[in-house]
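J.: Position 66 (the sequence shown) corresponds to 67 in the numbering used here; numbering is contiguous.
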Amino acid sequence: MFGRKETQWYLLFSSEQKAIENLPENKVIEIEVAGKELSILRHAAGYFVTNNKCPHQGLPLSRGGFCENGNIVCPFHRYSWDLKTGRETRRNEANMEIYPIKITDEGFFIGIERKRGLFGIW
Ligand code: FES
């Protein structure tokens, strides 16, 4: 009702090189950013950041999640979501929220949308 949304950018790595060194390809890694439990995946076409809780039953993607054919696959029941759109690919499950990434000379950032009201960020 009041306020507007804006993206806050959080530094995760000092450079893309540091991201590459710390993120094994095709393996989902749990991270915490601004108090949120997220997961990050480095894959052949780039990076993917979403909530660590799987939309299916809320189990952690970081316990063995991986990339297959352009999708992120949850290790528990093997549902999969498109890395570009966040859409579930076969069973009409809820979509994954995708968090934006920004890589600049200052580092590797993850964007989280926050509501801004009269008295600051919520
Ligand atoms: S908890 Fe991820 S597919 Fe079921």
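Every residue, glycine too, gets a C-beta built ideally from N, C-alpha and C. Small disclaimer: the values here were computed from a predicted structure and weren't measured.
For ILE104 versus GLU33, is the C-beta spacing smaller than 8 Å?
T.: No. Outside cutoff.
J.: Cβ-heavy atom distance between GLN58 and ligand 1 below 7 Å?
T.: At least one heavy atom of ligand 1 is nearer than 7 Å to the Cβ of GLN58, so yes.
J.: Once the 5 residues before and after SER63 are set aside, which same chain residues still bring their CB inside 7 Å of it?
T.: Excluding residues within five positions, the ones whose Cβ falls inside 7 Å are VAL29, ILE30, GLU31, SER40, ASN53.
J.: Tell me which same chain residues have a C-beta within less than 6 Å of the C-beta of PHE132, skipping the five on either side of it?
T.: One cannot answer for residue 132 here, as it falls past the ends of the chain, which runs 2 to 123.
J.: Let me know if HIS44 comes out buried or exposed under the rule of 16 or more other beta-carbons within 10 Å of its beta-carbon.
T.: Under this definition HIS44 is a buried residue.
J.: Just to confirm my understanding: we take CYS78, look at its own chain, exclude 5 residues before and 5 after, and list those with CB closer than 8 Å. What are they?
T.: A small fix is needed here, since residue 78 is His in this sequence, not Cys. Same-chain partners within the cutoff: HIS57, GLN58.
J.: To which residues of the same chain is GLU107 closer than 8 Å at the C-beta, ignoring the five residues directly before and after it?
T.: Correct list, in chain order: LEU12.
J.: If you reduce the DSSP assignment to three classes, tell me which class ASN23 lands in.
T.: Correct three-state label for ASN23: helix.
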